[in-house]
Structures are given as structure tokens and as C-alpha cells.
Amino acid sequence: MRLLTLTTMFAAILPVCAATAATVTVFDTSLAALNGPFGAGVATTTTVANVGTTTTVNGPTGGANRASAAYLSDQWVQRNVGGNGVVGITTDYARSGNGSAYFGGSGVAGAYKSDLEILFGNAILASSITGFGFDWLRSSATGVTSANLHPVVRLMVSGNVAAATVGGYLVFERDYNGGGAAPVNTWTTESLTYTTGNIWATGSLPGAFAVFGRQLDDWDNLVGNLTVLGMSIGIGSGWNGGGFAGAIDNVSITTSTGSTTWNFEVQRANDVPEPTSLALVGLALAGLGFARRRRAA
Numbered sequence: 033m034r035l036l037t038l039t040t041m042f043a044a045i046l047p048v049c050a051a052t053a054a055t056v057t058v059f060d061t062s063l064a065a066l067n068g069p070f071g072a073g074v075a076t077t078t079t080v081a082n083v084g085t086t087t088t089v090n091g092p093t094g095g096a097n098r099a100s101a102a103y104l105s106d107q108w109v110q111r112n113v114g115g116n117g118v119v120g121i122t123t124d125y126a127r128s129g130n131g132s133a134y135f136g137g138s139g140v141a142g143a144y145k146s147d148l149e150i151l152f153g154n155a156i157l158a159s160s161i162t163g164f165g166f167d168w169l170r171s172s173a174t175g176v177t178s179a180n181l182h183p184v185v186r187l188m189v190s191g192n193v194a195a196a197t198v199g200g201y202l203v204f205e206r207d208y209n210g211g212g213a214a215p216v217n218t219w220t221t222e223s224l225t226y227t228t229g230n231i232w233a234t235g236s237l238p239g240a241f242a243v244f245g246r247q248l249d250d251w252d253n254l255v256g257n258l259t260v261l262g263m264s265i266g267i268g269s270g271w272n273g274g275g276f277a278g279a280i281d282n283v284s285i286t287t288s289t290g291s292t293t294w295n296f297e298v299q300r301a302n303d304v305p306e307p308t309s310l311a312l313v314g315l316a317l318a319g320l321g322f323a324r325r326r327r328a329a
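So, in C-alpha cells, the structure goes:
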């Protein structure tokens, strides 16, 4: 009941205030402890002080063998980890602090996969989004994976604002934006808007897996009432080659009334975890409220 009261107050205040910007620190110790069998895959989560937390799944490919933590509102969790995939928050490739979100995989081509995902406490209409982006790095530790591949960002979407399940993903890759070979051992920043950047779709959306030349506004118009339920970052599934190592940091999403950036860090002894819910509640409700008012107008 207290959360509902805070949410209502926050939503009431934000529309009459100036645009807000929040940076949320996501510590490695906030990740779920995934251990044990998931189908034929076996998950192991390890935390090493001042190094980070990783989840590794050893086993065969296939969705039935992938490990996923339960979604927690407004919190990043490990999802779709399998086929010798690794995901975590570590100091391997530090960015904007001591760490970043780490993604790795090895073995048979296309087998490994690993993601981090966040399900928003309140969905956002795609029409309210003015921008989203992230920083990514492809390491020279990568094996023979295609030179064009890099960790990606995805919008988790539904065609119904009331839907509680993800109907598909809108995926950004530089390969479909004239990017060519990905830089190695250097951070690259990607910034997209409602009307820029070619993104493709997976899942049950119209044109999924087949159309690669649409922007967010195109998908919004095609689906109608397109709703963003959360964000996903990660690698793998169908990638050619035999291995990958890389990282993501500073994942952001912006509406007309505010923005949130997630910075991934390894927790030190004196670090104090930050509460994340209010920043996300403010952004999500403000964006959704704005979108509804705009569509009504």
C-alpha cells in the first residue's frame, strides 16, 4: 500500500515539473543466485569480492536448457542463459566506474546465449519514447564469431498496453545500420530516437525475423498502441562462430518527461546500493501518462 501511495504521488508531481534525469547504479550483488539444473543445462552463480558476479550455464543448446531468473519489477535479472553462456556484472571491462555488464559464450556456433533484462513496474507507450541507447564493447578475447557482431540492446514490447507478457523484441544491431565490422577493445556509444535507427523484430510481431528497415515509429504505427514493457541486453542465439566476450554499460531510455540510465558496477565494501524503484516508477508513469494524453489529444 505504501508503494502505491508513493507511485500515485510521484505520477501526480512529475507532469508539472521539469524533465528529470536519473542514473541508477546496478550492483553485481543484486543479481539472482541461479544454481542447479534448467532442463539439461546446469547453472552456477559465483560472486568474487571486488571482481564481480557471473552466472554460467553448461549444457546443450535450446530454450528448454536455458536458465532464467524470475522477473522482479524494475530490477535487472539474468535471462536466457544457456549453451555455455556466461552473464554477469564484473570488472573485466570497466566503464563509467569499476565495472560493466559482462556477456560471454563458447562452443558450438549459435549455441551460447546470455541476457540481462529489466521488466518495468509500469509499461511505457512507444509513442512517448524520445530516445534510448547504450555503450557496448567487443573484446579481442572473442573467438571466430563474425566481425560484425556485438552485444545488443532490445526493447521488450507488447501490442497491448494491458498485456503482462512480452510479445516480442525490437533489436538494434549496427550490422543493419551500415556499421560493418565492430571495433575491438574500445567502447562504442549508440543513441537512437523514435524516428532513427533500423531495428528488427522477434516474436509474434508482424514482420518479425523478416523486416530489417524499420524505426521505432514504424513498428508503433504497424502494430498500433505498441507498448514497451522493459529492456533487454545480451548476446547469442543464432550467431555464427565459436565464441564471444564483451560488455554493455550505461543503458538508457528517455521520454518527454525524464530519462533513466543504468550503470553496472561491482560492489565494494563501502558501496551502498541505491533504491531503483522510484526513478523507474517516475519515468514509466510519466511517459505512459504523457503518451495517453497525447493520443487522446
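The sequence shown begins at 33 in my numbering and counts up one residue at a time.
Glycine residues also receive a C-beta, built at the ideal position from the N, C-alpha and C atoms.
Note that the coordinates shown come from a computational prediction; the quantities given were computed from them, not determined experimentally.
A distance below 6 angstroms between beta-carbons, with the five flanking residues on each side excluded, links residue 168 to the following residues of its chain, in chain order: 182, 183, 220 and 280. Distances from the CA of residue 112 to each of 145, 297 and 135 were compared; the closest alpha carbon is that of 145. In this chain, the beta strand (DSSP E) harbouring residue 108 covers 108-114. Under the DSSP assignment, residue 282 falls in the beta strand (DSSP E) whose first and last residues are 275-287. Between the alpha carbons of residue 301 and residue 83 lies a distance of about 12 angstroms.
Apart from sequence neighbours up to five positions away, the residues of its chain that approach residue 239 with a beta-carbon distance below 8 angstroms are 233, 246 and 254, ordered along the chain.
In this structure, residue 57 sits away from residue 222, with a CB-CB distance that is not shorter than 8 angstroms. Shown here for residue 252: same chain residues with a beta carbon closer than 7 angstroms to its own, the five before and five after excluded, namely 158, 159 and 258 in chain order. Per DSSP, the unbroken beta strand (DSSP E) holding residue 295 starts and ends at 290-297. Here residue 69 is bridged, per DSSP, to 74. In the DSSP assignment, residue 249 falls within the unbroken alpha helix (DSSP H) covering 248-255. In the structure shown, the three-state DSSP call for residue 212 is coil.
Secondary structure at residue 225: coil, using DSSP grouped into helix, strand and coil.
Counting C-beta atoms within 10 angstroms of its own C-beta, residue 118 has 16 or more neighbours from the protein chains shown and is therefore classed as buried. For the pair residue 124 and residue 85, the CB atoms are not nearer than the 8 angstroms cut-off.
Looking at the DSSP output, residue 104 bridges to 107.
In the DSSP assignment, residue 168 falls within the unbroken beta strand (DSSP E) covering 161-170. With respect to the C-alpha of residue 166, the residue from 217, 243, 199 and 187 having the closest C-alpha is 187.
Taken atom to atom, the span from the alpha-carbon of residue 174 to that of residue 218 is near 13 angstroms.
Collapsing the DSSP output to three states places residue 186 in a strand.
Put simply, the backbone Cα of residue 97 is about 5 angstroms away from that of residue 70. No Cβ-Cβ contact shorter than 8 angstroms links residue 290 with residue 133.
Sequence-distant partners of residue 51 (beyond 5 residues in either direction) whose C-beta falls short of 8 angstroms from its own C-beta, in its chain, are 288, 289, 290 and 291.
Taking the Cα positions, residue 116 is about 11 angstroms away from residue 76. Taken atom to atom, the span from the alpha-carbon of residue 110 to that of residue 190 is near 21 angstroms.
The distance from the Cβ of residue 275 to that of residue 177 is about 6 angstroms, consistent with a contact at the 8 angstroms cut-off. Here DSSP, grouped into helix, strand and coil, assigns residue 264 to strand. The beta carbons of residue 277 and residue 171 sit closer together than 8 angstroms.
When C-alpha distances from residue 93 are compared across 104, 72, 107 and 108, the shortest belongs to 72. Under the DSSP assignment, residue 53 falls in the beta strand (DSSP E) whose first and last residues are 52-59. In this structure, the beta-carbon distance from residue 284 to residue 164 falls below 8 angstroms.
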